[in-house]
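Heads up: the structure comes next, in structure tokens.
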Ligand SMILES: Cc1cc2nc3c(=O)[nH]c(=O)nc-3n(C[C@H](O)[C@H](O)[C@H](O)COP(=O)(O)OP(=O)(O)OC[C@H]3O[C@@H](n4cnc5c(N)ncnc54)[C@H](O)[C@@H]3O)c2cc1C
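Residue numbers (the numbering used here): 990 to 1266.
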């Protein structure tokens, strides 16, 4: 079963909601007065966006909790769902039950990872699941309740979610789960959630990045070996490079700007490298 993510609902006008939340903090006006200025267009959509984008560069994060997104997520494995529900703050889950839903004829939906297929073991996995399905069905027919028959179902079994998540939490989840260290299925789901947000609120969707994104930390805080192996690590400094640089600066160990550097600075227009002409 293919993974599917659908944005079901969201805060009506996320930029307006964020503008209101931030503006109330920084204005002598009452919320009603701010609202009046929005309604009579003294405060334009562009102005709200500009103000919100400037606030997003600060550490003032709590207003982001006032914007929410609701998603329907289907075709994900229980291996994924175990990880997903570890997120505790700013997110609410409803998940398909294996107690109240009985798989008819023992046919439970599941995911075979591409790595298993590539290893030539996809058919073996499918055959084992068919056996599990047959035994599941036998148990159900023998009167075993679904909540107990499910004990033999694999992590690969598919499940569905309806979730509500606020934007602050979605940023945090993206930090962790768009990182190449996260599991592929989680990266896939969060990428699809991001794409859905981009459709309705591109300015906010763009903020959803792995933690090394230029709108997030801007550097990698994973261990050095992981950074070396990361396919996008070459685009980001590792945290140790930043600290080493800072350390060298404090100890006066940075390379001196030498005569060649000064010559570049002093060069006449025609001799200067293109970017300083
Ligand atoms: C690459 C990767 C590998 C992982 N491997 C494992 C593993 O091997 N085993 C395992 O068990 N888990 C593992 N996890 C899950 C991980 O430990 C977290 O449970 C999960 O990422 C949820 O993160 P969170 O706690 O930051 O998120 P949330 O629960 O959404 O919390 C958000 C933030 O709120 C704050 N917060 C929440 N609760 C508390 C609290 N009680 N006290 C203080 N502050 C709080 C924290 O700042 C937290 O970051 C892994 C996660 C990743 C991304």
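Idealized CB from N, CA, C, for every residue including glycine. Computed from a predicted model, the values in this text were never measured in an experiment.
For this session: Please determine if the segment 1027-1041 and the segment 1103-1114 are in contact, where contact requires at least 3 C-beta pairs separated by less than 8 Å.
Result: no
Verify whether the separation of the beta carbon atoms of residue 1168 and residue 1127 is less than 8 Å.
no
Q) Among residues of its own chain, excluding the 5 on either side of residue 1063, which ones have a beta-carbon nearer than 6 Å to its beta-carbon? A) 993 and 1149
Note to self: Considering just the uninterrupted stretch of the alpha helix (DSSP H) at residue 1100, what are its terminal residues?
What the structure shows: Per DSSP, residue 1100 belongs to no alpha helix (DSSP H) and is neither H nor E.
Item to complete: Locate the alpha helix (DSSP H) running through residue 1153, then write down its first and last residues.
Response: Unbroken run through residue 1153 is the beta strand (DSSP E), 1147-1155; no alpha helix (DSSP H).
Original post:
Mind checking residue 1194: buried by the 16 CB within 10 Å criterion, or exposed?
Top reply: buried
Of the choices 1192, 1228, 1245 and 1183, whose alpha-carbon is the least far from that of residue 995?
1183
Handout entry: Inter-stretch contact (C-beta, 8 Å, three-pair minimum) for the segment 1007-1014 and the segment 1050-1061
Key = yes
**Prompt:** Measuring CA to CA, which of 1226, 998, 1058 and 1096 is closest to residue 1138?
**Reply:** 1096
Inset, instruction - Find out if the Cβ-Cβ distance for the pair residue 1155, residue 1066 is shorter than 8 Å. - result: no
Cβ pair count under 8 Å reaching 3, the segment 1239-1259 against the segment 1209-1228: no
(message) Is residue 1076 a contact residue of ligand 1, with contact defined as CB to any heavy atom under 7 Å?
(response) yes
Comparing the CB of residue 1161 with every heavy atom of ligand 1, is any distance shorter than 7 Å? yes
Note to self: For residue 1057 and residue 1191, what's the separation of their Cα atoms in angstroms?
What the structure shows: 15 Å
Fill in: Span of the beta strand (DSSP E), counted from its first residue to its last, around residue 997
993-999
Helix, strand or coil, according to DSSP, for residue 1014 in the structure here? helix
What runs of the beta strand (DSSP E), each 3 residues or longer, lie entirely inside the segment 1113-1195?
-> 1147-1155
* Should residue 1174 be labelled buried (16 or more other beta-carbon atoms within 10 Å of its own) or exposed? -> buried
* Any contact of the segment 1074-1083 with the segment 1210-1219, i.e. 3+ C-beta pairs under 8 Å? -> no
Any idea if residue 1235 is buried or exposed, counting beta-carbon neighbours within 10 angstroms, 16 or more meaning buried?
exposed
*Minimum C-alpha distance to residue 1172 - residue among 1238, 1094 and 1073*: 1073
query = In the structure shown, what three-state DSSP assignment does residue 1241 receive?
reply = coil
*asked:* I need the boundaries of the alpha helix (DSSP H) containing residue 1070, first residue and last residue.
replied: 1067-1073
Open item on the list: Considering only their Cβ atoms, is the gap separating residue 999 from residue 1189 smaller than 8 Å?
Closed with: yes
Q. Would residue 1162 pass as a contact of residue 1061 if the rule is Cβ separation under 8 Å?
A. no
Residue of 1132, 1226, 1204 and 1203 minimising C-alpha distance to residue 1211: 1226
Using a Cβ-Cβ cutoff of less than 7 Å, which residues in the same chain neighbour residue 1032 once the five nearest sequence positions on both sides are dropped? 1026
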